[in-house]
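In the numbering used here, the protein residues as written are 8 to 392.
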């Protein structure tokens, strides 16, 4: 087989990291459910909490290949991946710079927990170079970004952040969940550590909770040393299900990309829509930047209804598109960030980030475009009556 760096995305998704069934010659990876392995006369002492069971190790190879990394780890959730990665590189007296617009869970982790560990933190006021530069201190050890951001789809200049960090010997981390490896490979742009909520596009079927980290072998070793003590590993059955789901990730995400771009254009031209946030629209403030670092614009968008229309009532009128707390499944879903993903931020912080109470986050699925448009149209017509 060709080296993974020259294989296509769908080939990596399908074949890389699979376990060959030498006993029965089955087409898929066998599932090893054992929680107890021999420790004498073996090459590796395997233990589920050590992230090294056969299924865990095999899936890590696939994720590393997809992100063009040397190694990877799979966690029990996206937040397990985020928290373990951050605390592996931050200690008492250290400082971290984080971009202003972040997933609510990550924001809450930092403001609620870091003081207990004696870790200092600063949020940028915007995504410009000067905002990052002015927050860097002598004790800054990590810069953490998320692009596209949740829920406003802002785009952070990855190359700019990498250049700033390398100049000062700072480790860079990115939440690459919204883009997925199909649309963006931050390691190619110089990022040190890539984090995913694998619950989202990697899982893709709204039935798996998982997280993932991809990086150099050196950085993964450092994260693993903490991870094995925190105990955030994933059961092998779920690992096996995640591998199955990832086989179709390339096909799914590309279909979601196409639908999201078409629906963003439809919404942008609708009289009842005040604003659409999607990096694939030329009207998006970061469109030019997104084109330089993304291969596709993703399946996520957000929009605001025109003044006077009730966003909550609109969601209730939808028939095909379902209200949901999560995102990135095959099915299209919608939510209000101020009631769900960003409820922990509080009204003042949401306003600072530009997250209005009427904002709706739309995770576009793989349904037919005409059916999704018809559903949006009928819900908007009901609001006008």
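Quick reminder that beta carbons are idealized off the backbone N, C-alpha and C, glycines included.
Local conformation of residue i per DSSP, three classes
i: residue 381; result: helix
i: residue 386; result: helix
i: residue 18; result: helix
i: residue 219; result: strand
i: residue 195; result: helix
i: residue 127; result: strand
i: residue 34; result: coil
i: residue 376; result: helix
i: residue 340; result: strand
i: residue 153; result: strand
i: residue 80; result: strand
i: residue 283; result: strand
i: residue 293; result: coil
i: residue 187; result: helix
i: residue 164; result: coil
i: residue 391; result: helix
i: residue 299; result: helix
i: residue 363; result: coil
i: residue 261; result: helix
i: residue 148; result: strand
i: residue 329; result: strand
i: residue 26; result: coil
Cα-Cα separation, residue i to residue j
i: residue 252; j: residue 144; result: 42 Å
i: residue 185; j: residue 211; result: 12 Å
i: residue 148; j: residue 93; result: 10 Å
i: residue 291; j: residue 275; result: 11 Å
i: residue 40; j: residue 318; result: 46 Å
i: residue 183; j: residue 203; result: 6 Å
i: residue 24; j: residue 227; result: 17 Å
i: residue 255; j: residue 249; result: 11 Å
i: residue 123; j: residue 100; result: 11 Å
i: residue 388; j: residue 309; result: 19 Å
i: residue 268; j: residue 307; result: 9 Å
i: residue 49; j: residue 263; result: 44 Å
i: residue 289; j: residue 295; result: 8 Å
i: residue 53; j: residue 75; result: 26 Å
i: residue 332; j: residue 35; result: 32 Å
i: residue 152; j: residue 181; result: 5 Å
i: residue 297; j: residue 134; result: 13 Å
i: residue 343; j: residue 32; result: 48 Å
i: residue 179; j: residue 19; result: 26 Å
i: residue 199; j: residue 258; result: 27 Å
i: residue 261; j: residue 17; result: 11 Å
i: residue 107; j: residue 130; result: 5 Å
i: residue 377; j: residue 95; result: 47 Å
i: residue 141; j: residue 225; result: 29 Å
i: residue 112; j: residue 47; result: 42 Å
i: residue 384; j: residue 372; result: 17 Å
i: residue 154; j: residue 37; result: 35 Å
i: residue 42; j: residue 208; result: 28 Å
i: residue 370; j: residue 325; result: 14 Å
Supposed close pair residue i, residue j - CB separation, criterion 8 Å
i: residue 362; j: residue 159; result: 7 Å
i: residue 91; j: residue 305; result: So it is not a contact: roughly 25 Å between Cβ atoms.
i: residue 201; j: residue 222; result: 7 Å
i: residue 117; j: residue 139; result: About 16 Å separates the two Cβ atoms, so there is no contact after all.
i: residue 321; j: residue 218; result: No, residue 321 and residue 218 are not in contact; Cβ-Cβ is about 32 Å, not under 8 Å.
i: residue 102; j: residue 120; result: Contact flag wrong, Cβ pair sits at about 15 Å.
i: residue 161; j: residue 85; result: The pair is not a contact, with the Cβ atoms about 19 Å apart (cut-off 8 Å).
i: residue 165; j: residue 300; result: 5 Å
i: residue 270; j: residue 311; result: Residue 270 to residue 311, Cβ: 15 Å. No contact.
i: residue 26; j: residue 61; result: 6 Å
Residue interval of the alpha helix (DSSP H) (run including residue i)
i: residue 310; result: Not the alpha helix (DSSP H): residue 310 falls in the beta strand (DSSP E), residues 307 to 312.
i: residue 253; result: 243 to 253
i: residue 324; result: 318 to 324
i: residue 226; result: 224 to 237
i: residue 142; result: 136 to 142
i: residue 105; result: No alpha helix (DSSP H) holds residue 105; the beta strand (DSSP E) holding it covers 102 to 105.
i: residue 158; result: Taken as a continuous stretch (DSSP letters only), residue 158 belongs to no alpha helix (DSSP H), as it is neither H nor E.
i: residue 115; result: 111 to 120
i: residue 55; result: No alpha helix (DSSP H) holds residue 55; DSSP gives it neither H nor E.
i: residue 67; result: 61 to 73
Closer than 7 Å to chain D by CB, residue i
i: residue 386; result: No chain D is present in this structure, which holds just one protein chain.
Range of the contiguous beta strand (DSSP E) that encloses residue i
i: residue 176; result: Here residue 176 belongs to no beta strand (DSSP E), and DSSP marks it neither H nor E.
i: residue 368; result: 366 to 370
i: residue 94; result: Premise fails: residue 94 lies in the alpha helix (DSSP H), 85 to 96, not in any beta strand (DSSP E).
i: residue 204; result: 200 to 204
Three CB pairs or more closer than 8 Å across the segment 181 to 197 and the segment 235 to 243: no
Inter-stretch contact (C-beta, 8 Å, three-pair minimum) for the segment 206 to 222 and the segment 335 to 342: yes
contact_flag[the segment 269 to 283, the segment 242 to 251] where n(CB pairs < 8 Å) is 3 or more: no
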